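Participant:
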Amino acid sequence: MKENQGQQNFFDMLADRGFTLRTKPVKYIKSRKGMILKGNLDVELTLDMSQLTNKYDCAILLSGDSDFEALVRFVRSKGKQVIVISSRWHIAKELIQAAHVYIPLEKLRKDWERKKGKL
1 MKENQGQQNF
11 FDMLADRGFT
21 LRTKPVKYIK
31 SRKGMILKGN
41 LDVELTLDMS
51 QLTNKYDCAI
61 LLSGDSDFEA
71 LVRFVRSKGK
81 QVIVISSRWH
91 IAKELIQAAH
101 VYIPLEKLRK
111 DWERKKGKL
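Numbering (full-length UniProt numbering), first residue to last: 1 to 119.
1. So, E69 versus R88, is the Cβ gap smaller than 8 Å?
2. Quick one: what does DSSP say A70 is sitting in, helix, strand or coil?
3. Assuming the contact rule is C-beta atoms closer than 8 Å, V84 and Y56 should be a hit. Round their C-beta distance to whole Å, please.
4. Let me confirm a value: G39 is counted as buried when at least 16 other C-beta atoms fall within 10 Å, else exposed. Which label applies?
5. Using 8 Å as the cut-off, can you tell me whether the segment 23-34 makes contact with the segment 45-56, which would need three or more C-beta pairs spanning the two stretches below that distance?
6. Let's test the definition: count the other Cβ atoms within 10 Å of the Cβ of V43 and tell me whether it reaches 16, buried, or not, exposed.
7. Quick check on DSSP: helix, strand or coil for V43?
8. K27 bridges to which residues according to DSSP?
9. Strictly by DSSP, which residues pair up with Q81?
10. Quick one: residues in its chain with C-beta nearer than 8 Å to the C-beta of K80, no 5 flanking neighbours on either side, listed in chain order?
11. In or out: D65 buried (at least 16 other Cβ within 10 Å) or exposed?
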């Protein structure tokens with residue numbers, strides 16, 4: 001299947017700005033309804049954020065999934081700040097409440113867009 005070039009450009013831009021990205025290949029699973037795409041990183045992100053708390057002061061989580069609420073609360077209990085960034089349309093209320101700061105992705109978009117010949 002065709003790779004999402006816009007998504008790859010976004011990942012490249014984040015990496016260029018010093019973010020550590022956690023990705024893995026998407027799985028294609030056959031079902032009665034056709035092919036299903038699966039690419040869940042919840043376990044990997046949870047392990048990284050919880051096991052590495054002694055290596056950072058502030059975690060930035062780009063997700064709106066309420067499954068991360070417990071992780072955010074755990075990280076905060078270790079005295080760390082947590083910033084959650086997600087689209088206004090894909091963010092759980094519980095995650096907003098658990099984080100120190102919630103930033104809508106749309107608010108940052110202009111700062112992150114590539115300008116002609118510039119990042």
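Even for Gly, the Cβ is constructed at its ideal location relative to N, Cα and C.
Because the structure is a prediction, the values reported are computed rather than measured.
Facilitator: On the basis of the data shown:
1. As a position in the sequence shown, residue 69 is number 69, starting the count at 1. As a position in the sequence shown, residue 88 is number 88, starting the count at 1. No, Cβ-Cβ distance for E69 and R88 is not below 8 Å.
2. For this step, residue 70 is matched to residue 70 along the sequence shown. For A70, the three-state secondary structure derived from DSSP is helix.
3. Locating residue 84 in the sequence shown gives position 84, counting from the first residue. Locating residue 56 in the sequence shown gives position 56, counting from the first residue. In fact, because the Cβ distance is near 15 Å, the residues do not count as touching under 8 Å.
4. Within the sequence shown, numbered from 1, the residue matching residue 39 stands at position 39. Its Cβ having fewer than 16 others within 10 Å, G39 is exposed.
5. Contact fails: fewer than three Cβ-Cβ distances are below 8 Å.
6. Along the sequence shown, read from residue 1 onward, the residue named residue 43 stands at position 43. Exposed is the call here.
7. Here the question's residue 43 lines up with position 43 in the sequence shown. In the three-state scheme derived from DSSP, where H, G and I count as helix and E and B as strand, V43 is classed as helix.
8. In the sequence shown, the residue the question calls residue 27 occupies position 27. As DSSP reads the structure, K27 sits in a beta bridge with K38.
9. Residue mapping note: residue 81 aligns to position 81 of the sequence shown, counting from 1. C58.
10. Counted from its first residue, the sequence shown places residue 80 at position 80. These residues qualify, in order along the chain: T53, Y56, D57, C58 and A59.
11. Counted from its first residue, the sequence shown places residue 65 at position 65. For D65, the number of other beta carbons within 10 angstroms of its own is at least 16, and it is reported as buried.
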